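Asker: Mind looking over this structure? Questions follow.
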Amino acid sequence: MSLAVCPAAVVVPAPEPKFADADDDQELVLEKLTREQVLDWRNRADADHQLVFDHIDRYGELSAQRLFTRAFVAQVQRLSGLGHLGLGYTTWGQA
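Encoded structure:
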């Protein structure tokens, strides 16, 4: 009995999404953002906390608190101080 060898599947990472409102040369005016744009910024920041720090560096902490909410900015800053937690690994069962 012979087994056919299947070629290994190649995993290609998905390309980074391009956002039309993420122009580095354009100033961000919070009052001109639509509800959908604010929600988009918040969803992106939830996935990548570096957006919060970049916004603070460019526009200030008050602007970040207005865009992302004061509680979210405080949580991101608090969690960044904890460092990397490797909770995915356990030493249980190792001899």
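Heads up, the sequence shown is in our numbering, so the first residue is 1 and it goes up one at a time. Note that beta-carbon positions come from the ideal geometry of N, C-alpha and C, so glycine has one too. Since we're looking at a predicted model, the values are computed, not measured.
(1) Do Val73 and Gln65 have their CB atoms nearer than 7 Å?
(2) Using 8 Å for Cβ pairs, my map puts Val76 next to His55. What's the rounded Cβ distance?
(3) Quick one: using the 10 Å Cβ neighbour count with 16 as the cut-off for buried, is Leu30 buried or exposed?
(4) Going by alpha carbons, who is nearest to Arg44 out of Arg78, Ser80, Leu67 and Gly81?
(5) Between Gly60, Tyr59 and Asp46, which has its C-alpha nearest Leu79's C-alpha?
(6) Could you give the distance in angstroms between the alpha-carbon of Val38 and the alpha-carbon of Gly60?
Answerer: Concretely, from the data shown:
(1) Here the question's residue 73 lines up with position 73 in the sequence shown. Here the question's residue 65 lines up with position 65 in the sequence shown. Pairing Val73 with Gln65 gives a Cβ-Cβ distance under 7 Å.
(2) Counted from its first residue, the sequence shown places residue 76 at position 76. Counted from its first residue, the sequence shown places residue 55 at position 55. Rounded, the Cβ-Cβ distance is 10 Å, inconsistent with contact.
(3) In the sequence shown, the residue the question calls residue 30 occupies position 30. Around the beta-carbon of Leu30, fewer than 16 other beta-carbon atoms lie within 10 Å, marking it exposed.
(4) By one-based count along the sequence shown, residue 44 stands at place 44. Among Arg78, Ser80, Leu67 and Gly81, the Cα nearest to that of Arg44 is on Leu67.
(5) Position 79 of the sequence shown, counted from the start, is the residue given in the question as residue 79. Among Gly60, Tyr59 and Asp46, the Cα nearest to that of Leu79 is on Asp46.
(6) Mapped onto the sequence shown, residue 38 falls at position 38. Mapped onto the sequence shown, residue 60 falls at position 60. Using only the alpha carbons, I get a separation of about 17 Å.
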